[in-house]
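If you count by the numbering used here, then the sequence shown holds residues 182 to 338, one letter each, in order.
Cβ atoms here follow ideal geometry from the backbone N, Cα and C, with glycine treated the same way.
See below for the structure under consideration.
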Amino acid sequence: MSEVAKKEIRVQPICSGTVIDHITAGQALNVLKILGITGTSWGIVSILINAPSSYGKKDVVKIEGRELVSSEVDKISLISPGATINIIRDYDVQEKNQVGIPSHVEGVVKCINPNCISNSNEPIESKFDVNTREGKIELRCGYCERVICENIADHLL
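In structure tokens:
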């Protein structure tokens, strides 16, 4: 690879919107799912998967013309607790925040227990306590106490 190719910018800067950086490698497509972004979305979306990082590999998602709401950030924190959210305005980073892991989430995750009351026809939302154990996110159902600690993205509502 030539020196010119090594210094080439792979993704163009965005004028205004959100850059989600330091996403756990392999989770960018789950982030798009959380944000409801499909191939037919109206805005420009750039995705880097398994990009080199000083910590190994990471994913990055850039979304032109959109800033995230707190419920979206909470969901992202469950699958990528090391992610940072950068708000861009006029090509300049206006805010840079690491996602915060909430201690409790409601209506965000579907319980893995098919007999849990949150999976019935009752008009209630799922409730989970969020803990970090050995660097991994652990969700405990507030109704049946079932724990989700793997493939959390598969259980997001």
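* Cβ pair residue 250, residue 213 closer than 8 Å -> no
* Of the residues 254, 200, 248 and 263, which one's Cα is nearest the Cα of residue 228? -> 200
* **Contact under 8 Å by Cβ, residue 197 with residue 271** => yes
* Contacts around residue 203, its chain only, beta-carbon distance under 6 Å, and the 5 residues preceding and following it disregarded -> 239, 263, 264 and 265
* Can you tell me whether DSSP reads residue 211 as helix, strand or coil? -> helix
* **Distance CB(residue 322)-CB(residue 292) smaller than 8 Å** => yes
* **Nonlocal neighbours in the same chain, by C-beta distance under 6 Å from residue 258, ignoring five residues either side** => 280 and 282
* Asked: Whose CA, out of 226, 209, 299 and 338, lies closest to the CA of residue 290?
  -> 338
* To do: Report all residues from its chain with a CB closer than 6 Å to the CB of residue 294; omit the five preceding and five following residues, and keep chain order.
  => 325 and 327
* To do: List the DSSP bridge partners of residue 219.
  => The partner list for residue 219 (beta bridge, DSSP) is empty, contrary to what the question assumes.
* To do: Starting from the C-beta of residue 205, find all residues in its chain whose C-beta is less than 6 Å away, skip the five residues before and the five after it, and write them out in chain order.
  => 261
* Beta bridge counterpart(s) of residue 239 as assigned by DSSP -> 205 and 232
* Nearest residue (CA-CA) to residue 309, options 319, 315, 208 and 302 -> 319
* Since residue 226 and residue 215 are thought to touch, with beta carbons under 8 Å apart, how far apart are those beta carbons, to the nearest angstrom? -> About 13 Å; that fails the 8 Å criterion.
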